[in-house]
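If you read the sequence shown in the working numbering, its first letter stands for residue 1437, the second for the next number, and so on. A short write-up of the structure that comes next.
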Amino acid sequence: MTDLRTTTPSQRAGIRVTPRMPPFQFEPASFPEAWFDGDDGITAAWNALSVVAAAAEGEFMDAGRWLLDRIDDPDVAAETRAFIQQEASHSAVHGRFNECLAQRGLPVTPLTTFSVDVFTAMEAYGGRSVQLSAGLAGEQLIGEMGHVVLARPESMQGAAEAPRALWMWHWYEEVEHQAALHDGWVHVHGQSRDARAQRVLGAAYILVLLLAVWPVATWAMLPPARGAKPSRARSVSFRPLMRQLFGREGLLIPAFKNLTALARVDFHPFQLHDPVPTLERWRDQVTDPSWERKAPSAGRHGGLRSEIAPPRVGARDLLQLVRFTGFAATRALQFARAVRGQRASSASTAAGDARGA
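As structure tokens, this is what we get:
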């Protein structure tokens, strides 16, 4: 008989968090510049999300490693280690895609630096506890987007084949491991009013980060304008993007709504969705057994008992959130100015080359 005391909720549901490394390769010639529905705005948003995601995965892996040192249950530890390996694969494969974007002249390196700066500041302002709880909220938000996309696959039908395969695999694994970081966090911190307050604070930080980073990142990833003013971004309408994200069938609406569930003391991701039917439907369509890597054992885990109790959220924490908001907004403006300056410099160089020719 299975020992329910040491089996994770995912395992009890028959879900095995499986590390995979798909062999996706990306070349500029393999998909068009405006690869999503031929729309520059939608494409820029997804390109920006890919770059930001690659930076975020490192934060999620750090959170998993911190928890792993404090998890004394081998089943929870093994699942947390598998989660870390999946995130490492996401970072690596998005890195391949992002390199392709850089070859097209998009500001991948500055955007990566900007994203890492804001993630680093989140811990500097909120402390390790906020880094962990923000990671928890981030995984919940991304996992919910995964549920929405897999429930409405038509939302990705306009994407070119190569980036669509990347994102469908990514969304599948986000659903597969949505509970993993949460269960590791609960194993260490428990479920209490203080733990709930910390989760809500983390959600506030991740929303500030998303609002500070994604819009300006989308603008930065627009292709240069054609014609008379190549120093500027191409003029586009963002209405199709707004419909995709916030319309009646918008991808972000359910995700934002479900973030409020983090305020439940006994919250668990499986309260919102049964992931099993979704995973069974999509497993053979978006993954391949040849991509699978050896399932990790628990490995070295536990041993540290420091910082087990979640800190109580107080007025100082809210003040630090406000300060972080100011930092993120200021850093976003600095990033925008730098990108505009780089565009102007590139345009000037191109004009000089044209005159010389």
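Think of the CB as a built atom: it goes at the ideal place given N, C-alpha and C, for glycine as much as any other residue.
Would you call residue i buried or exposed, if buried means 16 or more other Cβ atoms sit within 10 Å of its Cβ?
{"i": "E1610", "result": "buried"}
{"i": "T1444", "result": "buried"}
{"i": "G1663", "result": "Residue confidence is low: G1663 scores 47 on pLDDT, short of 50, so the model does not pin down where it sits. No coordinate-derived value is stated."}
{"i": "A1691", "result": "buried"}
{"i": "A1518", "result": "buried"}
{"i": "G1626", "result": "exposed"}
{"i": "Q1410", "result": "Since the first residue of the chain shown is 1437 and the last is 1793, residue 1410 is not available in this structure."}
{"i": "R1736", "result": "exposed"}
{"i": "G1450", "result": "exposed"}
{"i": "P1711", "result": "buried"}
{"i": "P1705", "result": "buried"}
{"i": "D1439", "result": "Because the pLDDT of D1439 is 42, which lies under 50, any placement of that residue in the model is unreliable, and the number read from its coordinates should be weighed accordingly. Answer is exposed; the Cβ neighbour count stays below 16."}
{"i": "P1725", "result": "exposed"}
{"i": "L1755", "result": "exposed"}
Within the continuous alpha helix (DSSP H) that includes residue i, where are the two ends?
{"i": "M1794", "result": "This structure gives no information on residue 1794, because the portion of the chain shown stretches from 1437 to 1793."}
{"i": "I1689", "result": "1688-1695"}
{"i": "I1478", "result": "1476-1504"}
{"i": "L1537", "result": "1510-1539"}
{"i": "S1446", "result": "1445-1448"}
{"i": "T1714", "result": "1711-1722"}
Throw me the rounded Cβ distance for the residue i and residue j pair, which I believe falls under 8 angstroms.
{"i": "T1454", "j": "E1716", "result": "Not confirmed; about 14 angstroms, so no contact."}
{"i": "A1480", "j": "L1646", "result": "So it is not a contact: roughly 16 angstroms between Cβ atoms."}
{"i": "L1602", "j": "F1533", "result": "6 angstroms"}
{"i": "E1575", "j": "L1643", "result": "So it is not a contact: roughly 14 angstroms between Cβ atoms."}
{"i": "F1550", "j": "R1767", "result": "7 angstroms"}
{"i": "W1650", "j": "L1485", "result": "7 angstroms"}
With distances taken Cα to Cα, identify the nearest neighbour of residue i among the options.
{"i": "P1732", "options": "A1514, G1563, E1493, D1553", "result": "A1514"}
{"i": "G1474", "options": "L1643, L1677, P1543", "result": "L1677"}
{"i": "A1492", "options": "L1503, A1524, I1507, W1605", "result": "A1524"}
{"i": "G1541", "options": "R1635, A1768, L1754, N1483", "result": "N1483"}
{"i": "F1555", "options": "D1710, H1704, F1496, G1582", "result": "F1496"}
{"i": "A1528", "options": "P1459, A1573, L1637", "result": "P1459"}
{"i": "H1613", "options": "G1531, G1686, Q1522", "result": "Q1522"}
Problem set entry | Secondary structure, alpha helix (DSSP H): runs of 4+ residues fully inside the region 1562-1628 | 1564-1587, 1597-1612, 1616-1625
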